[in-house]
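Below is one structure, written out as structure tokens, with a few remarks after it.
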Amino acid sequence: MLSINMADVMNVINSIKSYLIAIGVIIAVAIVIMIAVMKLKKSTKKLVRGTALVAMLTGIVVCVNMILTGPMSTMLDLVSGKGTISKATSDEATTLAQDIAREGIVLLENEGNTLPVASGSKLNVFGWASTNPILGGAGSGALNEAYATIDLLQSLKSAGIETNEELTKFYTDYKADRPVVGMWNQDWTLPEPNVSLYTDSLISNAKAYSDTAMIVISRSGGEGADLPANMPAVVDGSFQDGTTYTAGVYDDTLNEGNDWDAGDHYLQLTNREEEMIDLVCANFDKVILVYNGANAFELGFVEDHPQIKSVLWAAGMGHVGMQALGEIVTGEVNPSGKTIDTYVYNMKETPWWNNFGDFNYANMDEFAYISTNFMTGAESRADVSFINYVEGIYVGYKFYETAAVEGLINYDEMVQYPFGYGLSYTTFEQTMGDITEADGNITFDVTVTNTGAVAGKDVVEVYYNPPYENGGIEKATANLVEFAKTSKLEPGASETITISFAVEDMASYDYQNAKAYVLDAGDYEISINKDSHNVIDSKTYSVGTTVTYDGSNKRASDKVTVTNAFDYANGGLEYLSRADGFANYAKATAAPASYDMPADAKATFYNISNYLTPEVTAADEDANAAAVTTGAATSLTLKDLRGVAKDDAKWDELLNSMSLDDMNALISLGGYQTNSVESIGKVRTNDCDGPASINNNFTGVGSLGFPVGVTIAATFNKDLAYSFGDYIGKMANEMDVSGWYAPAMNIHRTAFAGRNFEYYSEDGVLSGKIASEATKGSWANGVYAYVKHFALNDQEGNRCDMLCTWTNEQAMREIYLKPFEISVKNVEMTAVMSSFNYIGNRWAGGSSSLLKTVLRDEWGFNGFVLTDYFGVYGYMSSDQAIRNGTDCMLVNYPTATNNVQFRDTNGAQQAMREATKNILYTVVNSRAYAPENLKEGMASWKVLMIVLDVVFGALMVCLMAVFCKNFKKNREKEAAAETAQQ
């Protein structure tokens with residue numbers, strides 16, 4: 003679950019500041035009045051003071067009521083939510099989580115069949131991380147603390163393996179808890195005892211205990227910061243990865259000796275880990291390595307230590323998934339997972355190394371955003387930043403496979419484990435049938451036979467290699483196009499899987515000439531592979547004449563013909579090209595030569611400093627928009643439109659009855675909810691976080707955490723992905739939650755992105771097909787998934803600092819938009835969460851090219867678009883959002899820009915109306931408006947408030963009656979006394 007952010011607390015306090023000031027004034031005035039009447043007669047003094055007290059209390063209560071029903075209304079709605087997850091559902095989810103883990107752990111090495119280890123064996127487990135494995139990630143992907151976890155040592159014990167408790171005590175005595183890599187601050191310290199602390203008796207006892215050792219290496223990560231690429235600089239405090247990183251530290255005094263050498267990064271061994279591995283390998287001939295981390299790691303050291311016979315990759319297993327590790331180690335479960343990224347020997351030799359991290363423009367000072375800490379008064383500055391996706395389409399394996407064919411790299415020296423790679427305890431044979439084509443689809447059968455001695459599952463991976471003309475459209479030599487997983491096959495058993503995909507899926511996007519998708523004439527090699535590099539068998543599909551999908555010849559899966567929509571995001575960069583054997587590699591992949599935004603891009607750059615004017619907002623409107631009808635009479639309420647087509651006239655009738663304030667209420671406050679609108683019977687609904695769970699950050703109710711996204715993707719099992727989404731939907735339904743802030747499907751452009759744990763893969767097809775199944779599963783329960791973060795939010799550094807992401811349109815469409823395209827086109831109903839970053843010089847949440855042209859016009863999206871967290875950050879505004887395709891702001895308290903400010907024109911009002919319709923259409927067709935779930939009426943806290951107000955009012959009336967009665971008595975006594983004196 004997300005922890006409390008003090009900045010949000012301060013923003014909420016700021017939103018009620020005027021009411022707090024009013025309360026202060028009321029109290030001050032009452033005190034002044036009470037003092038001022040000191041010389042009046044006792045009866046009058048008491049009456050005035052009593053009246054002042056009643057007035058003061060009444061004024062305070064009125065202000066509190068205004069706070070509760072105004073700025074705090076949404077927050078109270080959220081914290082008063084109800085709903086719990088039943089034990090039966092939670093138990094079923096536990097079983098599913100462990101099934102995912104069983105298929106998501108990847109066997110990378112197994113020399114001499116070192117694994118499995120017989121149950122009942124003893125094992126020495128080395129590495130401090132063995133006592134504190136990584137189970138989840140930071141930020142929205144954090145685990146709910148309400149559930150018990152299964153750790154690595156527990157999983158081994160459950161599988162019948164005894165572990166060396168003396169070793170475990172050595173590590174826990176050294177340090178009991180793991181330094182926290184969180185969303186708001188990051189302690190990257192990696193505890194690992196110096197080898198000098200391993201006593202001779204400790205090692206000799208270990209050797210006597212067992213002849214087999216396991217080494218555990220872990221790496222953390224999460225939302226808010228990318229993994230550091232320069233560890234010595236983190237140690238000395240000089241490393242910068244955007245302004246969001248400034249809280250990162252490393253305590254190099256914890257372990258004896260310097261942990262890092264010059265130039266070291268987080269995804270390689272520390273000096274302490276290197277020494278520990280050397281120690282273990284010097285004393286044991288059978289060593290098993292477990293890498294426990296979501297980000298691809300430099301594992302080349304495995305080849306330097308022949309004693310390391312077996313290697314397992316086990317990323318975050320969630321609350322209970324680690325149970326599977328012990329089962330795999332003992333052979334109770336046969337591993338069947340595959341890598342979702344390419345593992346290289348040296349990260350610094352990748353095409354992205356020079357173009358990842360913190361780059362700030364030098365000529366954009368006038369757009370810098372200065373924010374002030376509410377408590378300390380300290381100012382912080384966010385400068386306009388940028389990132390260049392210079393590698394174009396050559397991301398991940400698409401680069402390594404193509405570069406090897408072109409002779410740019412020696413594949414075996416560059417790549418250790420290909421994409422889609424994973425071993426098993428058994429062997430399989432795959433045979434490929436003849437391909438056929440019908441109705442634009444290519445179909446063939448693949449028969450998988452278990453030729454080994456152990457039951458297991460296998461993955462069919464299908465790739466295509468398109469014809470390439472030197473200097474023509476950029477094309478990779480290997481492109482995953484489809485995949486499938488077998489059922490569990492006993493030894494000797496076979497299963498035939500039918501593979502089918504559209505011919506148009508092999509088209510390439512030509513952004514330079516045709517400005518359309520193009521299926522070039524020539525031979526397409528369609529292959530079944532062990533992984534991205536090793537072909538099992540292939541067939542040839544020939545295209546006689548080039549097909550250009552332009553004019554009236556659109557792709558069958560598109561609603562309209564696709565053409566260039568993102569020329570503005572190109573940035574004039576030189577992109578990596580396959581031409582002449584990647585002749586421009588050095589120039590294209592060099593670090594940025596200029597830190598100035600080009601003049602033409604700067605001229606059309608907007609943030610809140612220059613966007614919020616009548617002229618600029620009008621430029622983003624439909625100049626010919628018709629007038630909008632508001633406040634018209636109707637008998638319709640929202641529930642009457644459940645199941646009604648979006649173009650039905652009833653929608654116009656309902657929308658005509660709404661006021662602009664009604665629309666703004668829905669648009670402006672969409673943080674973890676969709677707002678209520680009383681005039682049309684729109685009930686408030688709940689949305690919740692959790693890429694691998696469903697957690698209500700306000701009530702504390704949440705679900706079991708499933709294994710992280712990379713583990714789900716590593717299963718290559720669409721059925722498991724669907725079941726995952728299905729159980730998210732079931733649990734959400736029991737929690738009275740209708741929207742799920744997931745799945746996240748940005749691309750692993752680099753290994754260092756902080757949120758790679760929740761993003762699926764370096765490949766868009768794998769990401770899209772896994773995500774779409776999860777999304778289908780949640781929608782089967784009426785829970786709409788917010789597929790996120792749309793789009794190009796592939797790093798955490800500078801994500802909220804106006805991060806201008808420059809890329810070419812081919813890379814956008816073939817790599818970064820592909821997972822979203824697959825999900826939107828294949829799921830009946832979704833929502834979309836846009837991203838923090840800019841695409842080119844335009845905020846993603848304010849990009850009509852992205853949110854209107856591509857999402858709605860081309861793909862046929864019919865849901866609604868929500869911003870990522872609406873922290874303003876100097877550039878987010880609902881005015882820009884609604885005019886360009888975003889419908890709702892993810893915030894639950896008033897900010898400077900979440901309300902639509904410029905709403906007098908027809909174009910503005912039409913934009914508000916369209917945004918409103920998109921939200922309402924999605925919600926009314928969700929579980930929230932299913933008859934059994936629909937809860938109309940006043941929120942419980944409002945009922946309580948009214949009751950308390952009535953009681954308070956009665957008490958104040960009684961109190962005033964007492965004051966008046968006492969006044970009368972005192973007055974009579976004073977009069978009597980005056981008479982007596984006369």
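Be aware that the sequence shown starts at 3, since it is given in this note's numbering, and climbs by one per residue. Ideal placement from N, C-alpha and C gives every residue a C-beta, glycine not left out.
Residue span of the beta strand (DSSP E) that contains residue i, given as start and end
i: D447; result: 443 to 452
i: A787; result: 786 to 792
i: C806; result: 805 to 808
i: M434; result: 430 to 434
i: R383; result: 381 to 384
i: L314; result: 310 to 315
i: V893; result: Where V893 is concerned, there is no enclosing beta strand (DSSP E), given that its DSSP letter is neither H nor E.
i: T170; result: T170 -> not in any beta strand (DSSP E); alpha helix (DSSP H) instead, spanning 167 to 176.
i: K124; result: 124 to 128
i: E497; result: 496 to 504
i: C283; result: Not the beta strand (DSSP E): C283 falls in the alpha helix (DSSP H), residues 273 to 285.
i: K604; result: Note, K604: premise wrong, no beta strand (DSSP E); alpha helix (DSSP H) at 601 to 605.
Among the options, the one whose alpha carbon lies nearest that of residue i
i: M665; options: I682, K652, D650; result: I682
i: K311; options: F303, V289, A364; result: V289
i: S75; options: N894, I389, A651, L957; result: N894
i: V182; options: A148, Q983, I217, A227; result: A227
i: A793; options: S837, D803, R844, V767; result: S837
i: N207; options: F286, Q270, G138; result: F286
i: V609; options: N839, K44, I25; result: Sequence check: residue 609 is Asn here, not Val. Checked all of N839, K44, I25; the closest Cα to N609 is N839.
i: N356; options: E276, P594, G633; result: P594
i: V236; options: D254, L491, G727; result: D254
i: N555; options: A99, G583, L521; result: L521
i: V304; options: E830, I330, E275; result: E275
i: K641; options: T701, G873, E860, R929; result: R929
i: I824; options: N843, D507, N586, P616; result: D507
i: I714; options: N758, A518, K975; result: N758
Beta-ladder partner(s) of residue i, from DSSP
i: R844; result: I841
i: V251; result: D189
i: S879; result: None, per the DSSP bridge assignment.
i: F421; result: Answer by DSSP bridge pairing: none, since F421 is not bridged.
i: A486; result: V462
i: Y526; result: Y543
i: E439; result: I444
i: F388; result: C806
Unbroken alpha helix (DSSP H) run spanning residue i, endpoints
i: I69; result: 44 to 71
i: S725; result: 720 to 736
i: G583; result: 581 to 584
i: V964; result: 942 to 983
i: L155; result: 154 to 160
i: V834; result: Looking at the DSSP string, V834 is not in any alpha helix (DSSP H); the run it does join, the beta strand (DSSP E), is 833 to 836.
i: E111; result: Element bounds for E111: not the alpha helix (DSSP H) but the beta strand (DSSP E), 108 to 112.
Residue i burial status per 10 Å Cβ neighbour count (16 or more: buried)
i: K971; result: exposed
i: T246; result: The predicted model places T246 with a pLDDT of 49, which falls under 50 and marks its position as unreliable, so this point remains unresolved.
i: Y597; result: exposed
i: P600; result: exposed
i: A284; result: exposed
i: A264; result: exposed
i: L291; result: buried
i: C960; result: exposed
i: P73; result: buried
i: T71; result: exposed
i: K459; result: buried
i: Q983; result: exposed
Near the ligand GDP: residue i beta-carbon under 7 Å from a heavy atom
i: N800; result: As for the ligand GDP, it is missing from this structure, which has no ligand bound.
Can we say the stretch 193 to 202 touches the stretch 359 to 369, given the rule of at least three CB pairs closer than 8 Å? With a cut-off of 8 Å, the stretch 359 to 369 and the stretch 193 to 202 do not count as touching, because too few Cβ pairs lie within range.
How do the stretch 885 to 904 and the stretch 935 to 942 stand: do at least 3 beta-carbon pairs fall below 8 Å, yes or no? No, the stretch 885 to 904 does not touch the stretch 935 to 942.
Are the stretch 766 to 775 and the stretch 800 to 810 touching by the rule of at least three beta carbon pairs closer than 8 Å? Proximity of the stretch 766 to 775 to the stretch 800 to 810 falls short of the contact definition, fewer than three beta-carbon pairs being nearer than 8 Å.
Should the stretch 489 to 509 be regarded as contacting the stretch 454 to 473, the criterion being three or more beta carbon pairs within less than 8 Å? With the cut-off at 8 Å, the stretch 489 to 509 and the stretch 454 to 473 touch.
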